[in-house]
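Going by my numbering, the first residue of the sequence shown is number -16, and it counts up by one from there. Positions of the beta carbon are idealized from the N, C-alpha and C atoms, including for glycine. Notes to accompany the following structure.
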Amino acid sequence: MPRLIPERPDFASDRGAEKVVWEALRDQLPNEAVLIHGLRIIDRGDDREGDLVVLWPHQGVAVIEVKGGHITPQSDGTFIQRNNKGHEKSVDPIEQSRIAKYSLRDWLVREAGALTYYTMTNMAAFPYATINTNWHSTRATRAQVIDRLNLADAASCIKRALDDEIGRAHV
């Protein structure tokens, strides 16, 4: 089991999306990995949060924004999120995780004295939705999305997304 921070997160709901993804990753990640819930990063007055952050030695860092409910991708790379009461709103989990990723990277360099960049990726997880395997946008690839169908293989999804970053400029 990976190192868990905190060991027992306080989730809003027993059936909540974050808990479902957390438990999948807790059960799949290797012992040397670290799984963080709700990492808050205050950077130059901005308050950012990574719903889930995976620190995976020799692989990299993944910042994951989790969204529950019914999710429908839009052509501009955003998503429509609909809850069980029919309320819907536009959400941008790819952008949210991207901003949190850069905030974490900047903090590591500035405050923790990190002298090297680690392979990092930003991702979205939709544990109750199915996203077409051909989906992509100008802002993200399908490899950056964990959905209901690949939740049982979520750790491999993270590894694949990190592998996709290798060869690109590290962030």
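Rounded separation between residue i and residue j - CA only
i	j	result
H153	K72	Because the pLDDT at H153 is just 46, under 50, the model does not fix this residue reliably, and the value given afterwards should be weighed accordingly. Rounded to whole angstroms, H153 to K72 spans 33 Å at the Cα level.
G(-1)	E32	17 Å
R(-14)	I141	17 Å
I114	E1	18 Å
F(-6)	G21	10 Å
I149	G96	23 Å
Residue i (DSSP reduced to helix, strand or coil)
i	result
L8	helix
R131	helix
E(-10)	coil
P(-15)	coil
K50	coil
P123	The sequence given here has Ala at residue 123, not Pro. Looking at A123 - three-state DSSP - the assignment turns out to be coil, as it is neither helix nor strand.
A83	helix
Buried versus exposed, by CB contacts within 10 Å (16 or more), residue i
i	result
L134	buried
L132	exposed
Cut-off 7 Å between Cβ atoms - residues of its own chain near residue i, not counting five sequence neighbours on either side
i	result
R81	N105
A138	L8, Q11 and L12
Cβ shell of residue i (< 6 Å), same chain only, five flanking positions each side left out
i	result
I24	R31, S86, L87 and W90
Spatial neighbours of residue i in its chain, beta-carbon cut-off 8 Å, leaving aside the 5 residues before and after
i	result
S120	P56, S58, D59, G60 and I77
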